[in-house]
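Inspection log for the structure reproduced underneath, given as C-alpha cells.
Protein chains in written order, with the working numbering: chain S, 10 to 448; chain H, 79 to 487.
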C-alpha cells in the first residue's frame, strides 16, 4: 500500500519534471549565467536539463587558482548585502524622526534583526576589501590589457557603484557619526572648483544634510544603485566569458589585438583544465563558506556601536568611522585637507585610462614603470591611508563645517567694569589751546 | 565783476552750501538741545553728553529741573541767577531726587515705586548720611550717577545685576573706607567666587541674588542673625522649611547662626558630601553621637550618588548597543529627583525620610542596572552562535576537501 502510493507520487513528480524540462526553454539558463551563477556555454538547441548538464561539463583553464577567487567573493558579499538589505528595508523608515528608532527596533525587537544589521554592516566593509584585492590582482597581472580593457573599465564603474552604495548607506543610521561624517565629506566635495559647491548642494537637497538628504540617499541606496549594479555586473560577467580569463603570466602567446569574436569564443573551445562541476564548484563552495563564516563571526564579535541620534545643532566631540572608505576619506581630509580627498579620487579615476595607454604585450611590472607607479600609489596609498585612519581612531570634526553657528559657543568673560561708553570722555584738548567747556 | 560772473559765483556758492548741508545736519542730530537758546550746554558740554544718554533726557527733563538757573541766558552771571542750585550736596540730592521720585502720581506712569527715600531712611546708608551727617555715606547719585542715569533693565546701567557688585564695591572694596566702619573689604571677592556670584556673573542666571537680593537696595541693611534663615528661605523655600522642622531650626538659642552655621554668608559654600560629619564634629565635638548621625547622612548621600553613576553608565551602555532607553531615562529622572530631594531633607536631619529617598534612588537605579545586565547577557548569548557557524563551516570544508582529494586521484 505504502509502496504503491510512493510510486504514484514519484510518477506524478517525474511527469511534472518532464513537463517542465520540455516546456521551459534552455535560454532560461542564460539568465542564471547573466547573474554569474553558471560559467559554461549554453547550447540552446538542447532541452534545459541537458543544456545544464552540458554547461556543467565545461572546463576552466588549468591556471585558474585560488587568487582568482576575490571576484567571486566580492559577488557573494554583494548577494549577502542584497539579501540582508531587503530584510532591513522591511523595517527601516527613511525619515528624520523614525530612522534612528526604527534601527533600534530592528536591533532590539526583531528576531535576529541585530544579526542581519551587523552582517550588512560587515559585508559592506568586506566587499570593499575584496573588491580592491580583486582589482589589485587584475592590475598587477596586467589582465586589463586588450582584449579585456572594457571589462577593466566596467570593473572600475562597479567600484564607483560600491562606493556610492556605501556612501549613501552610511547616512541611513542617522546618528551623530554618520550625520557629521557625511557633512564633512560633502564639505570637502564643495571645495572642488566650479562644480563642487553646486554638486554638494544638489546631493544634499538642502543647505545642510537633512530629511531631504536622507530621502534621496535612501532612494539611491535601495532603488537606483541596485539596478545600475545588476546591469554592470551582468555585463562584467558576460565580458569575462566572451574575452576569457587572462592567460598565465609566463605565456606570451596571446596576441594583444587578437580579439576573438563571432562564433569562436574562448568559452566554446574544448580544452584541458579543471571541470567546472564538481571540482571548481567545490572550490567555490569552500571559498563561499569561509567568506560567510568570517562575515558572521565579525558581525557576532564586533557589532556596530550606536552613537547618539543625529543632531544638526551639536557637533560631536569625535567622529568614529565604521566603513573602510570613510577611514580613508577622513584620514585624507585630516592629513591633506579637502584637496587630499579630491586628488586621491582623481587618482582612482585616472585608472580608467590605464588600458588605453598601456596596450603593449608586456605584462611584467618592472617593464611598465609609469603604470606600475600609478597602481602602486593607489593600492598602497589606500592601505596606508586605511591604516592611518584606524590608528587615528576617532577624529574630531574639522572646524570649517559649513553650518553657521557651530563654532564653540561664545563664553562671555566675567565683566570687571561696565561696558565702555562712547563719547563720555571729553576729547583731549589741542596742545596750546585753552580747554573750553565748564568753568 | 560782470553780472554773469556774479551769477555763476552765487550759483557755485549755493551748490557748495547744499553739498555741505548733510554733514551739518548730522552733527546737530545727536545734540537734542543744542541750540543757541539753551544756555547751560555752552559751557557744560561734558555733562550734556552724559545726561543725554540717560533716561531723564528721554523724558524731556532739562538741566534747570534739578539745578535751577535760567537756561535762556548765555552769559554765566545771568544764567546762574534766580532759583539757582548749582551742584547740590549729598543731603540736598536726596530731597532733589525725592521731589519727583517720592511722588506716586508722577512715578505711576513709569511703574516705579515711590518709597525709595522712605526705604533709604531706614538703611544704614541713610542713617549715616541723614542722622549722623557722615558725608562718606552714599546718596542717590553715588550709585545711580548724577547725569548718566539709566534704568536697571539697561545692561549698561550701574544697577544692572552683573554691575551691582562693582557699584557696591566702589566703597565696600575700599579697605581704607571700610576700616573706618570696622567692616571687611573682601566680601565682594567671596561673593564672586561663591555659588551666587558664579551664577549671576558667569552663567548670567539673574534668578540668583546679587548684593541687593539679600541686603535690599535702597533699604540696605545686613540681615540680623535671626533673620538669616528667612532671607535665604525667600528663594530656598523647601530647604528653609525642612531646616525649620529639624532640631537646628527649632532650637531656641540665638547662638545658632541659621544657614550661616554651615554655609557662609557671601561665600555661600556648598558642603561637600564627604565633609558632612566633620562639619557636625566642629560644633558637637568628635565624640558626639551627632557625628555618627552626620556620618550616616553622608553615607546615604554618597551611596545614592554611586547608584546614580552606575545607572547612568548602564544607560549609556544600552544606548550604545542600540536598545531604546526611554523607559530607563524616565527611571533615571525619578531616581535623580529623589536624589535632589536628599539635599532638602537632610536639612531636617530626619533619618527615616532620608532613608526613604535613598531607597527610591536605589530601587530605580537597580531596575536600570538589572535591565542592562539582562541585555548584556543576551548579547553574550548571541556570541554562542559562533559555535554552530564554525561547526557547519568546518564540516563543509572537510567535505569539499575530501571530495576534491577523491577527484584528484
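Ideal Cβ positions, reconstructed from N, Cα and C, are used throughout, including at glycine.
> For residue 332/S versus residue 109/S, is the C-beta distance shorter than 7 angstroms?
Replying inline: No, Cβ-Cβ distance for residue 332/S and residue 109/S is not below 7 angstroms.
> Does DSSP put residue 283/S in a helix, a strand or coil?
Replying inline: strand
> Taking the alpha helix (DSSP H) that residue 109/S falls in, what are its first and last residues?
Replying inline: 108–117
> Taking DSSP as the reference, what is the three-state secondary structure of residue 325/H?
Replying inline: helix
> Looking at residue 70/S and residue 254/S, is the spacing between their C-beta atoms short of 7 angstroms?
Replying inline: yes
> Counting only runs that start and end within the stretch 231–281 of chain H, where is the alpha helix (DSSP H) found for 4 or more residues in a row?
Replying inline: 242–250, 253–258 and 265–271
>> Can you pull out the residues from the stretch 279–302 of chain H whose beta carbon lies closer than 7 angstroms to at least one beta carbon of chain S?
In response: 279 and 280
>> When you compare the CB of residue 474/H with every CB in chain B, is at least one pair closer than 7 angstroms?
In response: Protein chains S and H are contained in the structure displayed, whereas chain B is not.
> For residue 461/H and chain S, any beta-carbon pair shorter than 7 angstroms?
Replying inline: Yes, residue 461/H lies at the interface with chain S (some Cβ there is under 7 angstroms from its Cβ).
>> I'd like the span of the alpha helix (DSSP H) that includes residue 242/S, first residue to last.
In response: 234–252
> Using 8 angstroms as the threshold, is the stretch 276–293 of chain H in touch with the stretch 240–247 of chain H, meaning 3 or more CB pairs across them?
Replying inline: yes
> Is residue 316/S closer than 7 angstroms to residue 186/S when the C-beta atoms are compared?
Replying inline: yes
> Cβ atoms of residue 83/S and residue 143/S: under 7 angstroms apart, would you say?
Replying inline: Taking a C-beta distance under 7 angstroms as the contact criterion, residue 143/S and residue 83/S qualify as a contact pair.
>> Below 8 angstroms on the Cβ atoms is my contact criterion, and I expect residue 436/H with residue 378/H to pass it. Report the Cβ-Cβ distance as a whole number of Å.
In response: 5 angstroms
> Taking Cβ positions, are residue 404/S and residue 343/S nearer each other than 7 angstroms?
Replying inline: yes
> What does DSSP give as the partner residues of residue 404/S in its beta bridges?
Replying inline: DSSP, once it has assigned bridges, lists 328/S as partnering residue 404/S.
> Just how far apart, CA to CA, sit residue 317/H and residue 424/H?
Replying inline: 9 angstroms
>> Measuring straight from C-alpha to C-alpha, what distance separates residue 258/S and residue 381/S?
In response: 16 angstroms
>> Any beta carbon of chain S sitting closer than 7 angstroms to that of residue 485/H?
In response: yes
>> Tell me the rounded alpha-carbon separation between residue 190/H and residue 132/H.
In response: 16 angstroms
> Roughly how many angstroms lie between the CA atoms of residue 24/S and residue 238/S, to the nearest whole one?
Replying inline: 39 angstroms
> Relative to the C-alpha of residue 160/S, which residue among 150/S, 251/S and 106/S is closest?
Replying inline: In this structure, 251/S is the residue among 150/S, 251/S and 106/S with its C-alpha nearest to the C-alpha of residue 160/S.
> Between the beta-carbon of residue 324/H and the beta-carbon of residue 427/H, is there less than 7 angstroms?
Replying inline: Yes.
>> Among 132/S, 147/S and 96/S, whose alpha-carbon lies nearest the alpha-carbon of residue 77/S?
In response: 147/S
> Straight-line CA distance for residue 163/H to residue 145/H?
Replying inline: 5 angstroms
> Cβ of residue 398/H less than 7 angstroms from any chain S Cβ?
Replying inline: With its beta carbon less than 7 angstroms from one in chain S, residue 398/H belongs to the interface.
>> Assess contact between the stretch 153–168 of chain S and the stretch 340–355 of chain S, defined as three or more Cβ pairs (one per stretch) separated by less than 8 angstroms. Is contact present?
In response: no
>> Against chain S, does residue 454/H count as a neighbour if the rule is that its beta carbon must be under 7 angstroms from one of theirs?
In response: no
>> Beta-carbon within less than 6 angstroms of residue 204/H's beta-carbon, same chain only, minus the 5 sequence neighbours each way: which residues are those?
In response: 198
> Along chain H, in chain order, which residues have C-beta atoms closer than 8 angstroms to that of residue 294/S?
Replying inline: In chain order: 474 and 478.
> If you run the structure through DSSP and keep just helix, strand and coil, what is residue 216/H?
Replying inline: The three-state reading of DSSP puts residue 216/H in coil, since its state is none of H, G, I, E or B.
> Is the Cβ-Cβ distance between residue 58/S and residue 93/S less than 7 angstroms?
Replying inline: Against a cut-off of 7 angstroms, the Cβ pair of residue 93/S and residue 58/S comes out as no contact.
> Thinking just about the alpha-carbon of each residue, which of 285/S, 365/S and 351/S is nearest to the one in residue 67/S?
Replying inline: 285/S
>> At the level of alpha carbons, what is the spacing between residue 128/S and residue 26/S?
In response: 37 angstroms
> Three-state secondary structure (DSSP) at residue 184/S?
Replying inline: strand
>> Quick check: the Cα distance between residue 20/S and residue 13/S, rounded to an integer number of angstroms?
In response: 11 angstroms
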